[in-house]
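In terms of the working numbering, the sequence shown opens at residue 147 and continues consecutively.
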Amino acid sequence: MPQQSAPRPTDLVVFGGTGDLSMRKLLPSLYLLDRDGHLHPSTRVIAVSRDGLTDADLRHKADAAVQGHHAVQVPETAVLRRFLDRLSHITVDVGGDPTGWTELTDTLDPDRDRVFYLAVPPMISGAICRGLADAGLVTVDSRVVMEKPLGRDLASAQAVNAEVGAIFTEEQTYRIDHYLGKETVQNLLVLRFANVFLEPLWNSRWIDHVQITAAETVGVGGRKGYYDTAGAMRDMVQNHLLQLLCLTAMEPPASYDREAVRDEKLKVLQALKPLAGENVREDTVRGRYGSGVLHGTEVLGYLDEPGGPTDSTTETYVALRAEIANWRWAGVPFYLRTGKRMDRARSEIVIRFRDVPHTIFPGAATGGGSLVIRLQPDEGIHLTMLAKTPGAGALRLRSVPLELSFADTFATRSPEAYERLLMDVLTGDSTLFMRRDEVEAAWRWTDPVIAAWADLDLVPETYPAGSAGPAGADRLIGRTGRTWYEEEQA
Ligand code: BG6
């Protein structure tokens, strides 16, 4: 892996700096980077918003956000004070009163790297970039960071990419998909390409199918306004799940180099068989959580969640069957599923191997075994295989696990995805970020599915909150005699 270079003095300007993402993820991750010595002593964080906060207000809010973050636990008082001192707030009215831009210009230090983090809806990214350019703030040492979902379809993504691309070069542009910052996701590349034993098995000859699951117990929380315009397809599948699919299916790149890795991921997206028209009825399932009981607590159904329409047709669950039309994967289904308010939270990739071509243990259980790459919780790798149950008499075979838990093996804290990615932005390494053509290729594949849902009038099937999702998902995978992987099977 490329060595991280030393942190450089940077002005990190966060547009939307007082918002949900900033408070929940960015500031706590920056605190953790500071605590672990990854921020240059003079690096500053400038939160930009329309809120009219004072620096003291911002620091107060940030203090609570850092202290309330699960990965921080007990903050170190001196570090927290040092971190809060790095923060300031500037009120900017993008496209309006220019005073804020002037204040930002006066604040930024011409000798430092500049990172402009756009923690804002993608529609205003272009206006912010133009504002930065008009104020003469974009230097050669500037970078821009954009959040997903980038647009809401191919056309809007192209428009945002063009607007931002008119100001920043592709090398200066960092498109975040925070799943790529997760430790196990990076480990997937190491598992596949630093070990020799998997590669001969990694194809349609030995792999029966792949399942990629991202299940959450949380609902939409306070984000219904945004979520209702997106749904699970745009919020999770178009980016996180397709990125996991790419890393699972890609060919070995020639090196762990930014462009080499992205080129291989792009080829996977381009090889996805189009899912459109009537096929969408067969190969996809939309669901929406109704009210239910989650871990003993009654929770609202999606339609009754505050902050959005009560007659919505947005999905909070998607399951689908994808196929990659190339030599390695032809005929191997990739089942993707994601949902909110599920019975348990887990994100994992399951590689399900084929059964042996001929069994010499007639009557005994067969089963090709599964390799499970668990992203969360309990990051690890888990291989199930058949073994003989001890004892005399007839041979009895049982599926048993071989377990690698990262927490137990490495006895060290796994950094938060945002910590890793923010550090990469600060050191100028964009390997784990999405290139423009990747994002657009992903939309090119998801757009026809979303269009077909509307054309075929496929409304979401209700599943109770706290359940395993809609029954349609079991039918989808069951059609070929397969079942969803559940840990208990091991
Ligand atoms: C975000 C989505 O990108 O990822 C959220 O917008 C989702 O809806 C979140 O809850 C899940 O991330 P994680 O890291 O908790 O799996």
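Note that the Cβ used here is the ideal one computed from N, Cα and C, for glycine as well.
Around Leu167, the same chain offers Ala265 as residues with beta carbons nearer than 6 Å, after the five sequence neighbours per side are excluded. Excluding sequence positions up to five before and after Ala400, its CB lies within less than 7 Å of the CB of Ala406, all in the same chain and listed in chain order.
Taking the C-beta atoms as reference points, Val496 is found nearer than 8 Å to Gln357. Listed as beta-bridge partners of His355 by DSSP are Arg498. CA-CA distance, Val225 to Arg559, rounds to 18 Å. By the beta-carbon neighbour count (other beta carbons within 10 angstroms, threshold 16), Pro268 is buried.
Distance from the CA of Glu293 to the CA of His324, rounded to the nearest whole angstrom, comes to 9 Å. The Cβ-Cβ distance between Asp593 and Leu300 falls below 8 Å. Of the other Cβ atoms in all chains shown, 16 or more fall within 10 Å of the Cβ of His235; this residue is therefore buried. The alpha helix (DSSP H) runs lying completely inside the region 307 to 388 and spanning 4 residues or more are 329 to 339, 370 to 378, given in chain order. With 16 or more other Cβ atoms from the protein chains shown falling within 10 Å of its own Cβ, Gly447 counts as buried.
Looking at the DSSP output, Phe161 bridges to Val194, Leu264. For Lys411, the enclosing alpha helix (DSSP H) covers residues 404 to 417.
With a cutoff of 8 Å on beta-carbon distance, Val546 and Ala533 are scored as near each other. As for any beta strand (DSSP E) of minimum length 3 sitting wholly inside the region 202 to 245, the runs are 233 to 237, ordered along the chain. In the DSSP assignment, Phe556 falls within the alpha helix (DSSP H) that extends over 552 to 556. DSSP, reduced to helix, strand and coil, places Leu482 within a strand of the structure shown.
Per DSSP, the continuous beta strand (DSSP E) segment holding Glu469 begins and ends at 463 to 469.
The criterion of a C-beta distance shorter than 8 Å is not satisfied by Gly454 and Pro616.
The beta carbons of Ala619 and Arg483 sit closer together than 8 Å.
Judged by the Cβ position, Met382 qualifies as a neighbour of the ligand BG6 at the 7 Å threshold, a heavy atom of the ligand being closer than this. When the five nearest sequence neighbours on each side are left out, the beta carbons in the same chain lying within less than 6 Å of the beta carbon of Asn349 are those of Arg474, in order along the chain.
As the crow flies, the alpha-carbon of Leu572 is around 55 Å from that of Pro536.
In this structure, the beta-carbon distance from Asp374 to Ser458 falls below 8 Å.
Going by DSSP, Thr443 is part of the beta strand (DSSP E) stretching over 443 to 445. Under DSSP, Thr430 shares a beta bridge with Leu466.
Nearest Cα to Leu176 within the set Leu390, Ala340, Pro561, His441: Pro561.
Ala563 sits close to Lys328, with the two beta carbons spaced by under 8 Å. Beta-bridge analysis with DSSP links Pro155 to no other residue. Under the DSSP assignment, Glu607 falls in the beta strand (DSSP E) whose first and last residues are 607 to 610. DSSP places Gly624 in the uninterrupted alpha helix (DSSP H) bounded by 617 to 624. A straight-line Cα-Cα distance of about 40 Å links Arg621 and Gly165. Distance from the C-beta of Val585 to the nearest heavy atom of the ligand BG6 is not below 7 Å. Apart from the 5 residues on each side of it in sequence, Asp259 sits with its Cβ closer than 6 Å to the Cβ of Arg154, Thr156, Asp287 in its chain, given in chain order. Pairing Ala491 with Ala361 gives a Cβ-Cβ distance under 8 Å.
Rounded to whole angstroms, the gap between the alpha carbons of Gln318 and Val261 is 9 Å.
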